[in-house]
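Chains A and B, in that order, give the protein sequences.
For the first sequence, the numbering used here gives the first residue as 91, with consecutive numbering after it.
For the second sequence, the numbering used here gives the first residue as 26, with consecutive numbering after it.
Ideal Cβ placement from N, Cα and C applies to all residues, glycine included.
The structure displayed is predicted, hence computed values, not measured ones.
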Amino acid sequence: MNFKLKDIVPQLITVLAVVLVFGFFTYNAQINMENRGIDFGYGFLSQESSFDVQFSLIEYDGSHSYFRAYLVGLLNTILVSVIGIIIATILGVIVGIARLSPNYLINKFAAFYVEFFRNIPLLLQIFFWYFAALRALPLPQDAEAMFGVFFLTIKGLYVPAFIWQNFNIFFYSIIAAIIAIIVIRAHAKKVQENQGKQIPVFLISLGLIFILPFLSFLIGGVRLSFEVPVLKQLATTSFIYEGGVSLPPELIALTLSLSLYTATFIAECVRAGIQGVGKGQKEAAASIGLTPNQVLKLVIMPQALRIIIPPTTNQYLNLTKNSSLAAAIAYPDLVLVFAGTALMQTGKAIEIVSITMFTYLTLSISISILMNWYNKKIAIQEK
Amino acid sequence: MSNINFLKPDRTNLNTFLYLGSFLFFISILDVFLNSFFRLNLTGFLPNFLSFLLPLIFGFIGLYFIRIEYSGIKNLDLLNKHINTNNFNAVLSLLIIFIIIKSLPPILSWFVIDASFAGDTKDVCTGSGACWTYIKVWMRRFMYGMYPNAEQWRINLSFVALVLLGSVGYFATDKFKKYLTLYYVVIYPLIAFLFIFFFISGGPVFFDFSYGIIAAILSIIIGFLIPSKFKFYYFLIVPLALYVILKYFLFFEEYIELGKLDGLNWVETGAWGGLSLTFIISFFCLIFCFPIGMAFALGRRSEFPLIRYISVGFIEFWRGVPLITVLFMSAVMFPMFLPEDFFIDKLVRAIIAISLFEAAYVAEVIRGGLQALPRGQYEAAKSLGMGYWKMHIFVILPQALKLVIPGIANTFLALVKDTPLIFVVGLLEIVGMLNLAKTNPKWLGFAMEGYVFAAIIFWIICYAMSKYSYNLEQKYKTDR
Chain A
91 MNFKLKDIVP QLITVLAVVL VFGFFTYNAQ INMENRGIDF GYGFLSQESS FDVQFSLIEY
151 DGSHSYFRAY LVGLLNTILV SVIGIIIATI LGVIVGIARL SPNYLINKFA AFYVEFFRNI
211 PLLLQIFFWY FAALRALPLP QDAEAMFGVF FLTIKGLYVP AFIWQNFNIF FYSIIAAIIA
271 IIVIRAHAKK VQENQGKQIP VFLISLGLIF ILPFLSFLIG GVRLSFEVPV LKQLATTSFI
331 YEGGVSLPPE LIALTLSLSL YTATFIAECV RAGIQGVGKG QKEAAASIGL TPNQVLKLVI
391 MPQALRIIIP PTTNQYLNLT KNSSLAAAIA YPDLVLVFAG TALMQTGKAI EIVSITMFTY
451 LTLSISISIL MNWYNKKIAI QEK
Chain B
26 MSNINFLKPD RTNLNTFLYL GSFLFFISIL DVFLNSFFRL NLTGFLPNFL SFLLPLIFGF
86 IGLYFIRIEY SGIKNLDLLN KHINTNNFNA VLSLLIIFII IKSLPPILSW FVIDASFAGD
146 TKDVCTGSGA CWTYIKVWMR RFMYGMYPNA EQWRINLSFV ALVLLGSVGY FATDKFKKYL
206 TLYYVVIYPL IAFLFIFFFI SGGPVFFDFS YGIIAAILSI IIGFLIPSKF KFYYFLIVPL
266 ALYVILKYFL FFEEYIELGK LDGLNWVETG AWGGLSLTFI ISFFCLIFCF PIGMAFALGR
326 RSEFPLIRYI SVGFIEFWRG VPLITVLFMS AVMFPMFLPE DFFIDKLVRA IIAISLFEAA
386 YVAEVIRGGL QALPRGQYEA AKSLGMGYWK MHIFVILPQA LKLVIPGIAN TFLALVKDTP
446 LIFVVGLLEI VGMLNLAKTN PKWLGFAMEG YVFAAIIFWI ICYAMSKYSY NLEQKYKTDR
């Protein structure tokens, strides 16, 4: 053992400082809680919450526990993040490609979109959509139907509900189709490597994914009907829609602003990725006789994705974290339900804030682990 | 096949196609234009559906006709190259032109033509356009929050003074250039702090915390004079000692109202607000988060494992949680961690929270720059006999920071855009003031104007910042 004092001292001092700071905080917290008569513990999670939540994916009312309230908030956060990520990705990819278009108008239009939405604080955008834009929508009784079934009103968007019979058979048919596609892809790859023959995998997959569920309708007894929302009068001036699924305006404002805002960043990632692939790569691929589609699929995209994915992952993480701004417009997400209402009722500041932070930490770390794994998988295998 | 050939534009029938195509294109634009600006429908006699699509069809055929390669006419070739390369692009171009023409009149009329500017009551806003009177009446609140009207010159004066002092760098002669870093890193923040402390607040705002800042800044200034061999130990001991001396020996309890200036009324931080608060918070967070972030970036690349783990833990923790929960923590959880008689103003708490949060992002950006430097730079510096601090200050950091200017600018932009979140701790900057104003019973129903106003202000600030960072990046770009 060859300890050098110079190596040990700085580390020891740093650790000591950290321990001292934490110790100071814990000591104070203990004294403060003793003085105020609060006891530390997570037992409150199983107590009856006795508050209601406006919008919930799982069954919930005041008689459920605080833990259930936590789940409601978490699910709402995940819902908004997933919808936001899907829309932002689609929009971002389109805008990113549009920014590289040789067409001057499209190019400038995309640039305008990016510069416009990127430079305005997200919170302001959420407020704008929620308090200004969506408030200008018609009342339920005045709303006009879009395509006869959607109703966009000041109280939210009403869409028809799907009512399934024998849903599990339909579900299994889709699973079967996916498994079949994976097998066929593997087989096609083998055939191409051994014999050089190409099997039209894409067409077969497309056929499978339509035909198998279709068969389930014909043979499996799956039935699908729509429940269209119907206007109902409560009082002389008060109307609501009954039936169907109602999406609250908070959810619409939040997903709209989150995806419009994040799409600008994703667009920049996509643009940087495609520009990052050298011009020589395209020319080399074209010169060995690949068709433009093949060039894009086999040469450009695999290389561009490598540049695009890490920053895009960051944007997904940002979107998930930004969804906590929901609290500002009273969309019942994790922060509002748990760190807001539940905290007010129980006064367990340390426990609740730490659980909330830990949840977000887990969400972000799991997304980044997943993406790191994917990133490693597609990275260049240097020999 | 002959009639297809006839329909395919080429140079032989150049003029015919050119006139025909331009005419059709012009007609389609004219139709949309009249429709949009004068509510005149040229094609009203046709069925609804056809009348709606006709401009698109005409424009498409027109663009198809004028798509002649190497026509020899310069403008036509430019047009073809930029908006009319193929059918798909032509349709997209037409759609964008139509959208612009269609959306101009409503936007113009809302912003200018139908808008009301005069007067100072709600009654003048009867038109269908924006009510800029509302902004005019509430302007002071949006700019200064609840800061008393009679005292607002203090904020103006401080900001003008700080801008002037901040622009010193442009006028410095070569002789003083070498002191600029010291000036911007230490002296200027100190002056800014004193301005806010004495002038804008004018009262006992910061209490205990102020001693800490003064101690830290004094120790940094003295630190420049200490031989680098002892620097590490010096920075561990002296700030703490200074703090204790300042607090318990120099300024006794009766001097605790350090910030009191004769003749100035104390304005508590709860009354600060509006755009000026956005600037104050952004400014201080920017100043604090940069050195903290730099320290953690160096810590993450340190050769001592314990320091590395602590840095990684710090960075990943702050990057993993949303800012709103951090502010929640500073509002409800942080007071529990402090001794009972220890009071920290909520503005200061918000600034600490945002600084720590953004510091983690700055740390990651700087780490990127450090990693991008070739090993040779480190080895060359070491072989010249430089120690850790000398190597980093004179060789590594100047190069690494140059590399990450865009990343740091993005982080600062994010910081400015995050300031509205301080509504969580009960401070109202411009967006918060808007939400307050819009619930005033005398001025209901002008949410749109307020948000558009704030959006324009933020857009200008952020766009200017991003352009400035681009210029900096170009200026410091060195070929390696």
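- Task: Work out the CA separation of A/Lys411 and A/Asn462 for me, nearest whole Å.
- Result: CA-CA distance, A/Asn462 to A/Lys411, rounds to 19 Å.
- Which of the three DSSP states, helix, strand or coil, is assigned to A/Thr243? Three-state result, A/Thr243: strand.
- Message: Which same chain residues end up closer than 8 Å to B/Leu81 when comparing Cβ atoms and leaving out the 5 residues on each side of it in sequence?
- Response: Hits under 8 Å: Ser53, Val116, Leu119, Leu120 and Phe123.
- Task: Just list the alpha helix (DSSP H) runs in the region 226 to 292 of chain A, keeping only unbroken ones of 4 residues or longer that don't cross its boundaries, in chain order.
- Result: The region 226 to 292 of chain A contains these whole alpha helix (DSSP H) runs: 257 to 285.
- Query: Is there at least one Cβ from chain B nearer than 7 Å to A/Asn465's Cβ?
  - Reply: When Cβ-Cβ separations below 7 Å define contact, A/Asn465 makes no contact with chain B.
- Item | Cβ pair count under 8 Å reaching 3, the region 371 to 390 of chain A against the region 305 to 314 of chain B | Result no; under three Cβ-Cβ pairs closer than 8 Å.
- Among B/Glu404, B/Val263 and B/Glu383, the one whose alpha carbon lies nearest that of B/Phe321: Nearest in C-alpha terms to B/Phe321, of all of B/Glu404, B/Val263 and B/Glu383, is B/Glu383.
- Scan the region 335 to 353 of chain B for residues whose Cβ lies nearer than 9 Å to a Cβ of chain A and list them as they occur along the chain. For the region 335 to 353 of chain B, which is checked against every Cβ of chain A, the residues closer than 9 Å are Ile335, Glu341, Phe342, Arg344, Gly345, Val346, Pro347, Leu348, Ile349, Thr350, Val351 and Phe353.
- Sub-7 Å separation of A/Val170 and A/Ser413 beta-carbons: The answer is yes: Cβ separation under 7 Å.
- Grab me the residues of A/Gln405's own chain with a C-beta within less than 6 Å of its C-beta, minus the 5 sequence neighbours each way, in chain order. Only Thr352, Phe355 and Ile356 meet the Cβ criterion.
- Item | The beta strand (DSSP E) enclosing B/Leu103, as first and last residue numbers | No beta strand (DSSP E) contains B/Leu103, which is instead part of the alpha helix (DSSP H) from Lys99 to Ile108.
- Task: Output yes or no for whether 7 Å exceeds the beta carbon distance between A/Phe141 and A/Thr431.
- Result: Going by C-beta atoms, A/Phe141 is nearer than 7 Å to A/Thr431.
- Task: Just the C-alpha distance for A/Gln435 and A/Ile121, rounded to the nearest angstrom, thanks.
- Result: Looking at the two C-alpha atoms, the distance is approximately 22 Å.
- What did DSSP end up calling A/Glu441 once you bin it into helix, strand or coil? Three-state result, A/Glu441: helix.
- Item | A/Tyr331, DSSP secondary structure in three states | Note: A/Tyr331 maps to strand in three-state DSSP.
- Taking the alpha carbon of A/Thr327 as the point to measure from, which residue in A/Ala394, A/Ile459 and A/Leu229 has its own alpha carbon closest? When each option's Cα is compared against that of A/Thr327, the closest is A/Leu229.
- Query: Could you give the uninterrupted runs of the alpha helix (DSSP H) lying entirely in the region 117 to 171 of chain B, keeping only those of 4 residues or more?
  - Reply: You should have 157 to 169.
- Query: How many Å lie between B/Phe220 and B/Ile180 at the Cα?
  - Reply: Approximately 9 Å between the Cα atoms of the pair.
- Item | Continuous beta strand (DSSP E) assignments of at least 3 residues falling wholly in the region 384 to 438 of chain B | Within the region 384 to 438 of chain B, no complete beta strand (DSSP E) run reaches 3 residues.
- alpha helix (DSSP H) runs contained entirely in the region 349 to 386 of chain A, provided each spans 4 or more residues: As for any alpha helix (DSSP H) of minimum length 4 sitting wholly inside the region 349 to 386 of chain A, the runs are 369 to 377, ordered along the chain.
- By the criterion of Cβ-Cβ separation under 9 Å, what are the contact partners of A/Glu205 in chain B? Going along chain B in sequence order, the residues near A/Glu205 (Cβ under 9 Å) are Trp484, Tyr488 and Ser491.
- Query: For a contact meaning CB atoms closer than 9 Å, what does A/Asn125 contact in chain B?
  - Reply: The answer, in chain order, is Glu365.
- Is it the case that the Cβ atoms of B/Leu453 and B/Gly298 are separated by a distance below 7 Å? The answer is yes: Cβ separation under 7 Å.
- Which same chain residues, not among the five before or five after A/Leu407, have their C-beta less than 8 Å away from its C-beta? Here the set comprises Ser454, Ile457 and Ser458.
- Taking B/Trp484 and A/Asn209 to be in contact with their CB atoms under 8 Å, please state how far apart those CB atoms are, rounded to whole angstroms. Yes, B/Trp484 and A/Asn209 are in contact; Cβ-Cβ is about 5 Å, under 8 Å.
- Query: If you follow the alpha helix (DSSP H) that B/Phe308 is part of, which residue opens it and which one closes it?
  - Reply: From DSSP, the alpha helix (DSSP H) with B/Phe308 extends over Gly299 to Arg325.
- Message: Quick check: the Cα distance between B/Tyr495 and B/Asn435, rounded to an integer number of angstroms?
- Response: B/Tyr495 and B/Asn435: Cα-Cα distance of roughly 11 Å.
- Query: Pick from B/Ile421, B/Ser61 and B/Ile242: whose alpha carbon is nearest that of B/Val210?
  - Reply: Nearest Cα to B/Val210 within the set B/Ile421, B/Ser61 and B/Ile242: B/Ile242.
- Task: Just the C-alpha distance for B/Ile138 and B/Ser128, rounded to the nearest angstrom, thanks.
- Result: Their backbone Cα atoms lie some 14 Å apart in a straight line.
- Message: Less than 7 Å between the beta carbons of A/Glu332 and A/Ile419, yes or no?
- Response: Taking 7 Å as the cut-off, the Cβ atoms of A/Glu332 and A/Ile419 do not count as close.
- Beta-carbon contacts of A/Val385 that lie in its chain and below 7 Å, excluding the five residues immediately before and after: The answer, listed in chain order, is Lys372, Ala375 and Ala376.
- Could you please give the first and the last residue of the uninterrupted beta strand (DSSP E) stretch that includes A/Glu317? Residues Arg313 to Glu317.
- Given a threshold of 16 other Cβ atoms within 10 Å of its Cβ, counted over all protein chains shown, does B/Ala143 qualify as buried or as exposed? Classified as exposed, B/Ala143 has fewer than 16 neighbouring CB atoms from the shown chains inside 10 Å of its CB.
- Item | Other residues of its chain near A/Ala251: CB distance less than 6 Å, five sequence neighbours each side excluded | Hits under 6 Å: Glu317, Gly334 and Val335.
- Between B/Ala480 and the rest of its own chain, which residues show a CB-CB distance below 7 Å, the 5 nearest in sequence each way excluded? Only residues of its own chain outside the window of five on either side were considered, and among them none has a CB closer than 7 Å to the CB of B/Ala480.
- Can you tell me whether A/Asp151 is buried or exposed, with buried defined as 16 or more other CB within 10 angstroms of its CB? Counting C-beta atoms within 10 angstroms of its own C-beta, A/Asp151 has fewer than 16 neighbours from the protein chains shown and is therefore classed as exposed.
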